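Trainee: The structure that follows is given in the form of structure tokens.
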Amino acid sequence: MSKKYTNKSQVLKNADDNSTSHTTFEGLLSFLANHRPATWLGENVDEMDKVTSENRCHMIDKLGEIGYVVDTQVVHSSVHVAATARRRTWIIALQCNVLGLEVDEARSILKDMIKYIPSLQVKQLPLKDFLLNDKDKYVSEAFENAVKVHAQSSAESPASEAKWKNDLTDLLRKKHMSWRKCRAPKAVAEGRWFSTLPARDRM
755 MSKKYTNKSQ
765 VLKNADDNST
775 SHTTFEGLLS
785 FLANHRPATW
795 LGENVDEMDK
805 VTSENRCHMI
815 DKLGEIGYVV
825 DTQVVHSSVH
835 VAATARRRTW
845 IIALQCNVLG
855 LEVDEARSIL
865 KDMIKYIPSL
875 QVKQLPLKDF
885 LLNDKDKYVS
895 EAFENAVKVH
905 AQSSAESPAS
915 EAKWKNDLTD
925 LLRKKHMSWR
935 KCRAPKAVAE
945 GRWFSTLPAR
955 DRM
């Protein structure tokens with residue numbers, strides 16, 4: 755479920771032309787009903803951990819109809835290695851019939867699993883540990899492709915250029931910021947990847 759649709763209380767229940775959440779969820783239900791995995795682990799926006807969420811209630815009810823008992827927990831990625839502050843709800847479901855569990859037994863097991871999550875916290879690794887070496891073959895190919903794409907898309911109509919500059923100027927004015935504070939640091943601007951960015955992204 756996209757973060758921008760969490761204000762729609764029944765986005766999982768009702769089809770919406772602007773969101774694929776309903777279709778995706780129905781597809782998930784069909785897969786789980788047909789294949790009946792003993793456990794299912796999913797993740798979604800942090801709204802799905804709120805007991806007042808209609809989307810959360812709908813998810814639990816529909817999964818319950820096909821034999822699953824569900825529990826959720828918001829996890830902060832930054833304390834589980836990932837170099838981000840993103841909050842996500844992790845969803846754990848147990849298939850009672852497949853596991854031979856009563857509903858209360860399954861709920862008890864889920865609570866124990868949720869309690870175990872904090873013990874999995876680890877020290878955050880430096881961002882550079884997630885990056886490929888600049889001489890890596892994949893990185894080199896990606897750079898060459900970026901150069902080609904930039905060459906093909908660099909031509910921009912005067913009207914289009916004027917529009918994004920005016921829009922950006924209006925935004926900066928509202929934020930009480932100046933163009934000078936939006937310039938990329940010298941070390942970034944001198945990097946080879948910087949030259950492949952569109953003009954508006956280099957500002």
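Per this note's numbering, the sequence shown starts with residue 755, numbered consecutively.
Just so it is clear, CB atoms sit at the ideal spot from N, CA and C, and this is done for glycine as well.
As the structure is a prediction and not an experimental result, all values here were calculated from the model.
Does DSSP put GLN878 in a helix, a strand or coil?
Mentor: On the sequence shown, residue 878 is found 124 positions in, with the first residue counted as 1. Correct three-state label for GLN878: coil.
Trainee: According to DSSP, what are the bridge partners of HIS834?
Mentor: Walking along the sequence shown from the start, residue 834 turns up at place 80. Paired residue(s): VAL876.
Trainee: Check each candidate in VAL823, HIS830, ALA905 and name the one with the smallest Cα separation from GLY854.
Mentor: To locate residue 854, count along the sequence shown from 1; it is residue 100. When only C-alpha atoms are compared, the closest one is VAL823.
Trainee: Which of the three DSSP states, helix, strand or coil, is assigned to THR778?
Mentor: Locating residue 778 in the sequence shown gives position 24, where the first residue counts as 1. Helix.
Trainee: Can you name, in chain order, every residue of its own chain whose Cβ lies under 8 Å from the Cβ of ASN761, other than the five neighbours on each side?
Mentor: Taking the sequence shown and counting its residues from 1, one reaches residue 761 at position 7. Interpretation of ASN761 is limited by its pLDDT of 49, a score under 50 that renders its predicted location unreliable; the figure taken from the coordinates is listed afterwards. Excluding positions up to five away in sequence, the list is empty.
Trainee: Could you name the residues that DSSP lists as bridge partners for TYR822?
Mentor: Position 68 of the sequence shown holds residue 822. TYR822 pairs with GLN849.
Trainee: Need the endpoints of the beta strand (DSSP E) that TRP918 sits in, please.
Mentor: One-based indexing of the sequence shown puts residue 918 at position 164. Counting along the chain, TRP918 falls outside any beta strand (DSSP E), though it belongs to the alpha helix (DSSP H) covering 912-928.
Trainee: Put LEU886 into one of helix, strand or coil per three-state DSSP.
Mentor: Residue numbering aside, residue 886 sits at position 132 when the sequence shown is read from its first letter. In this structure, LEU886 counts as coil in the three-state DSSP scheme.
Trainee: Give the straight-line distance between the Cα atoms of LYS882 and THR774, rounded to the nearest whole angstrom.
Mentor: Position 128 of the sequence shown, counted from the start, is the residue given in the question as residue 882. Position 20 of the sequence shown, counted from the start, is the residue given in the question as residue 774. In a straight line, the C-alpha of LYS882 is about 35 Å away from that of THR774.
Trainee: Specify the secondary structure class of ASN768 as computed by DSSP and reduced to three states.
Mentor: What you label residue 768 is simply residue 14 of the sequence shown in a count that begins at 1. Of the three classes helix, strand and coil, the one that applies to ASN768 here is coil, per DSSP.
Trainee: Can ARG810 and LYS804 be called in contact, C-beta distance under 8 Å?
Mentor: By 1-based counting over the sequence shown, the position of residue 810 is 56. By 1-based counting over the sequence shown, the position of residue 804 is 50. Going by C-beta atoms, ARG810 is nearer than 8 Å to LYS804.
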